[in-house]
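Chains as they are written, first to last, in the working numbering: chain R, 1 to 114; chain D, 115 to 226.
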């Protein structure tokens, strides 16, 4: 059963530290998304890629967040420097382009910034 | 600016009864709608979808209704089962575009 893999599952860090979250999309999926879940906003789209090219990162605070796809099997989301308000669960999802194939989500990285 | 709204943060329903979860949207360009289900410590999983050319889509115990004039959709679960206890997210998109806009979620609790 193919699934999206996210690491780490949990991360606790101090304010000002760099945080890197990783995602391995489902093999063959060419579209990758980063979402953040907060109580107030629900699931917010931070950025997404198609065929490794960034399509939309308008949801991301660009002064501290960056998202990349070094290759088709790895997507990364970095926060530098991290702040307490970044505490949330970060989800990666992948999909196959064409029509509206459902997004497949990983189990998330729970980030706590103290 | 929340384009997809789920105004009920939580809902409790007796096992065997009908659960109705509601969702409103403001962007009239949305023409494809989905429901996702999320258990604790897991990612959301796709449940059911509907395009704007339909007003109803059914899959087993799950039915989604779309009222385009009211910009409103609902998810009906009947009969409700304890395994349905989860957070349900409504999402919207433009057909052919994978980018989804999600609501804030409704926590459904089924009481045995």
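In this text, a Cβ means the ideal position worked out from N, Cα and C, and glycines have one as well.
- Scanning its chain for C-beta atoms nearer than 8 Å, with the 5 sequence neighbours on each side dropped, one finds around residue 71(R) the residues 52, in chain order.
- Excluding its 5 nearest sequence neighbours in each direction, residue 196(D) has C-beta neighbours in its own chain below 7 Å: 129, 224 and 226, listed in chain order.
- For the options 111(R), 104(R) and 44(R), the alpha carbon positioned closest to that of residue 27(R) is the one of 104(R).
- From the listed residues 149(D), 191(D) and 137(D), the smallest Cα separation to residue 126(D) is found for 191(D).
- For residue 43(R), the closest alpha carbon among the candidates 201(D), 216(D), 177(D) and 181(D) is that of 216(D).
- In summary, residue 115(D) is exposed, with fewer than 16 beta-carbon neighbours lying within 10 Å of its beta-carbon over all protein chains present.
- For the pair residue 194(D) and residue 132(D), the CB atoms are nearer than the 8 Å cut-off.
- Look at the stretch 12 to 48 of chain R and you find these whole runs of beta strand (DSSP E), each 3 residues long or longer: 19 to 24 and 31 to 38.
- The Cβ atoms of residue 135(D) and residue 150(D) do not sit closer than 8 Å to each other.
- DSSP, read as helix, strand or coil, puts residue 86(R) in helix.
- Annotated as proximal: residue 82(R) and residue 19(R), with beta-carbon spacing under 8 Å.
- Counting only residues of its own chain and dropping the five nearest sequence neighbours on each side, residue 145(D) has a CB closer than 7 Å to the CB of 165, 166, 208 and 209.
- If you look at residue 63(R), you'll find it isn't in any beta strand (DSSP E); DSSP assigns it neither H nor E.
- Around the beta carbon of residue 212(D), 16 or more other beta carbons sit within 10 angstroms, so the residue counts as buried.
- Relative to the Cα of residue 158(D), the nearest Cα in the group 30(R), 35(R), 74(R) and 58(R) belongs to 35(R).
- Ranked by Cα distance from residue 39(R), the options 93(R), 89(R), 76(R) and 96(R) are led by 89(R).
- When CB distances to chain D are screened at a threshold of 7 Å, the residues of the stretch 99 to 114 of chain R falling below it are 99, 100, 102, 103, 105, 106, 107 and 108, in chain order.
- Within the stretch 201 to 214 of chain D, contact with chain R at the beta-carbon level (separation under 7 Å) is assigned to 203, 207, 209, 210, 212, 213 and 214.
- Residue pairing by DSSP leaves residue 218(D) without any beta bridge partner.
- Annotation for residue 21(R): 77, 90 and 109 place their beta carbon closer than 6 Å to its own, counting only its chain and skipping 5 residues before and after.
- Using beta-carbon distances, residue 219(D) counts as an interface residue toward chain R, with a partner under 8 Å.
- Here residue 198(D) carries a helix assignment [DSSP, helix/strand/coil].
- Pairing residue 56(R) with residue 30(R), the inter-Cα distance amounts to about 15 Å.
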